[in-house]
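In my numbering, the protein residues as written are 163 to 480. Ideal placement from N, C-alpha and C gives every residue a C-beta, glycine not left out. Since the structure comes first, as structure tokens, the remarks are kept for the end.
Take a look at the structure:
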């Protein structure tokens with residue numbers, strides 16, 4: 163199991179992935195970076211009543227609160243609008259985005275679906291529906307909604323980003339690359355997240371050198387993006403640069419870092435180094451470390467059988 167992230171994560175792989183709208187990975191279990199709401203939340207400000215405000219006024223206030231990661235304020239405005247009888251499709255979409263930000267995917271889906279079904283269809287509602295479905299593991303439905311959304315509006319970078327994740331799940335590398343490129347070309351894109359996710363895709367393709375370039379570019383734009391930092395360590399270890407990958411700083415979980423380096427060594431068939439780093443990970447934890455212990459058993463089993471190293475698939479320790 164690897165300790166990593168991609169902002170948004172299922173079970174099974176070893177890296178970090180980032181999507182948007184959610185603060186939280188993909189093919190068997192990465193760490194995925196969700197774009198819009200994955201920074202530390204800003205402090206809340208007092209919100210006033212919406213009496214006398216029309217739906218557009220309230221929507222502007224909610225969008226600003228979401229952009230500034232003031233989820234409490236966004237929720238307060240939306241709740242007050244409902245109490246005061248202020249409604250609009252845009253407010254429903256914003257409510258769905260707030261649910262996504264809070265990781266409440268089923269409730270987000272309930273918000274997006276009615277608006278997405280309207281005529282003419284609403285691209286942003288379809289985008290939100292697709293992201294919620296993807297995070298709920300309903301991959302085929304997510305793919306359909308995301309394709310429809312990005313077909314309606316090429317500027318929906320969050321939809322393209324999540325579409326890249328879905329293509330990664332299918333190991334459809336060519337289409338994943340097209341989706342990430344479209345996301346990066348869209349206006350207003352949070353490019354650090356998309357670069358991290360494209361780098362994760364490249365890691366899945368066993369292209370650690372190219373992946374490293376994307377992670378470095380992501381960190382140049384957002385030095386605090388933990389998913390990219392974790393993934394860069396994995397990419398370095400994947401290339402045999404274990405000492406560089408194992409360097410930790412203030413606030414880093416050294417046991418998790420060593421676990422990831424050890425697993426990367428095992429996955430590339432370097433079982434002696436895997437044994438070294440995984441043993442160090444367990445010592446650094448100071449208590450039983452199930453992920454490192456399982457990875458050590460996997461590595462020793464592969465070494466004893468002289469089996470070829472597996473592809474990315476073990477779990478991630480976050």
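Check                                                                                                                                                                                     : Outcome
To the nearest angstrom, how far is the alpha carbon of residue 454 from that of residue 395?                                                                                             : 16 Å
So, at 6 Å on beta carbons, what are the nonlocal neighbours of residue 315 in its own chain, with the 5 sequence-adjacent residues on each side left out?                                : 285
Mapping the DSSP letters down to three states, classify residue 261 as helix, strand or coil.                                                                                             : helix
Between which two residues does the alpha helix (DSSP H) carrying residue 358 extend?                                                                                                     : 353-366
Do residue 420 and residue 408 have their C-beta atoms closer together than 9 Å?                                                                                                          : yes
Helix, strand or coil for residue 449 per DSSP?                                                                                                                                           : coil
To the nearest angstrom, how far is the alpha carbon of residue 281 from that of residue 275?                                                                                             : 12 Å
Output needed for residue 255: all residues of its chain with C-beta closer than 8 Å, excluding positions within five of it in sequence on either side, in chain order.                   : 273, 274, 277, 284, 286, 287 and 290
Using the three-state DSSP reduction, which class does residue 384 fall into: helix, strand or coil?                                                                                      : coil
How would you label residue 183, buried or exposed, when you count the other beta carbons within 10 angstroms and need 16 or more for buried?                                             : Any answer about residue 183 is weak, because its pLDDT of 41 lies below 50 and its placement is not dependable; what the coordinates show is given next. Burial call: buried.
For residue 253, name the three-state secondary structure that DSSP assigns.                                                                                                              : helix
Is there contact between the segment 425-439 and the segment 386-394, where contact requires at least three CB pairs shorter than 8 Å?                                                    : no
Assign residue 406 to buried or exposed, taking buried as 16 or more other Cβ atoms, counted over all protein chains shown, within 10 Å of its Cβ.                                        : exposed
Considering only their Cβ atoms, is the gap separating residue 359 from residue 327 smaller than 9 Å?                                                                                     : yes
Checking 9 Å against the spacing of the C-beta atoms, do residue 236 and residue 228 come in under that value?                                                                            : yes
To the nearest angstrom, how far is the alpha carbon of residue 370 from that of residue 456?                                                                                             : 24 Å
Just reading off the alpha helix (DSSP H) that residue 224 is part of, what are its end residues?                                                                                         : 217-229
Going by CA-CA distance only, name the one from 312, 318 and 271 that's closest to residue 296.                                                                                           : 271
Residue 361 and residue 376 look like a contact to me (Cβ under 8 Å); what is the Cβ gap, rounded to whole Å?                                                                             : 3 Å
Distance check for residue 461 and residue 449, CA to CA, integer angstroms please.                                                                                                       : 21 Å
Tell me which residue opens and which closes the alpha helix (DSSP H) that residue 309 is part of.                                                                                        : 301-314
Could you name the residues of the same chain whose beta carbon sits closer than 8 Å to that of residue 253, not counting the 5 residues immediately before and after it, in chain order? : 217, 220, 221, 224, 240 and 243
Between residue 190 and residue 266, what straight-line distance do the alpha-carbon atoms span, to the nearest angstrom?                                                                 : Any answer about residue 190 is weak, because its pLDDT of 29 lies below 50 and its placement is not dependable; what the coordinates show is given next. The straight-line gap from Cα to Cα measures roughly 22 Å.
Sorted by chain position, which residues of the same chain lie with C-beta nearer than 6 Å to residue 433's C-beta, five sequence neighbours on each side aside?                          : 461 and 465
Comparing C-alpha positions only, which one of 458, 435 and 431 sits nearest to residue 444?                                                                                              : 458
Which residues in the same chain have their Cβ closer than 6 Å to the Cβ of residue 399, if we skip the five residues on either side of it in sequence?                                   : 407, 423 and 426
Around the Cβ of residue 196, are there at least 16 other Cβ atoms within 10 angstroms (buried) or fewer (exposed)?                                                                       : Low local confidence applies: a pLDDT of 49 at residue 196 is under 50, so the model's placement there is unreliable, and no value is given.
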